[in-house]
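K.L.:
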Amino acid sequence: DRQQMVRESAPFTLEISDQHRWSAPLDLMIRKVLSEDLARALPGKVILPEEPAPAQARKIVLDLTQFSADASGTVTLNGSWSLIESDEAPRNFPVQLSQRSAFNDYADEAKTMSELLAQLARTMAGALASASAAP
470 DRQQMVRESA PFTLEISDQH RWSAPLDLMI RKVLSEDLAR ALPGKVILPE EPAPAQARKI
530 VLDLTQFSAD ASGTVTLNGS WSLIESDEAP RNFPVQLSQR SAFNDYADEA KTMSELLAQL
590 ARTMAGALAS ASAAP
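And the structure:
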C-alpha cells in the first residue's frame, strides 16, 4: 500500500520505483475497475460500491493474496472471492490467474493487471449467472 509501483526484480527482491506511481490507492483502483468490469458483464445486475444497496442484495468480498509482477514481467493475481447471500453460508471461489506482460515495463504491467481484473470479472460473472439460475 504505497503510491510507488513495486515489482520483483529478482527472487525475494523488490524494486520500488520513484518515477512510476499509481494514480490512486491500488485497493480503490482494483475495486473501481473490477466493479465496472462486472457491471459491463452483468448489465443492470450490479450495484456499484458507491450506490445504496437493498437489504436482500448479494455481496461480493475479494481477498487478494498476490497481485504483482515478477522479474520476467509475469503478473500474478491470486486469492479468492466470496458470494455472500443473506440467508446462506458464503460460497468461496479460489482465484489463480497470471499473464505475461508484452514489454516488461511499468505501463505494460499496469495494463496486464487491468486485463487480469477483466478476466476475473468474466469468471465471476459466469459464476454469479450460474448461482442465479440454480434452484
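The sequence shown begins at 470 in our numbering and counts up one residue at a time. Heads up, the beta-carbon is just placed ideally off N, CA and C, and yes, glycines get one too.
Relative to the C-alpha of Leu-546, which candidate in Leu-589, Leu-483 and Arg-490 has its C-alpha closest?
P.N.:
Leu-589
K.L.:
State the CB to CB distance for the pair Ala-479 and Ala-540, rounded to an integer number of angstroms; the pair is presumed to be in contact (CB under 8 Å).
P.N.:
6 Å
K.L.:
Leaving out the 5 sequence neighbours to the left and right, which residues in its chain are closer than 8 Å to Leu-483 when beta-carbon positions are compared?
P.N.:
Excluding sequence neighbours, Leu-483 sits near Val-475, Arg-476 and Glu-477.
K.L.:
Please name the residue in Pro-559, His-489, Arg-471 and Ile-485 whose C-alpha comes closest to that of Asp-577.
P.N.:
His-489
K.L.:
With Ala-522 and Ile-516 assumed to form a contact (beta carbons below 8 Å), what rounded beta-carbon distance in angstroms separates them?
P.N.:
5 Å
K.L.:
Our contact map puts Ile-529 next to Leu-552 with C-beta atoms below 8 Å; I'd like the distance itself, whole angstroms only.
P.N.:
6 Å
K.L.:
Thinking C-alpha only, which one of Arg-500, Pro-512 and Glu-584 is nearest Leu-531?
P.N.:
Arg-500
K.L.:
Any idea if Thr-534 is buried or exposed, counting beta-carbon neighbours within 10 angstroms, 16 or more meaning buried?
P.N.:
exposed
K.L.:
Pull up the DSSP beta-bridge partners for Ala-590, would you.
P.N.:
Answer is none; Ala-590 lacks a bridge partner.
K.L.:
Since Ile-553 is in the beta strand (DSSP E), which residue starts that stretch and which ends it?
P.N.:
543-553
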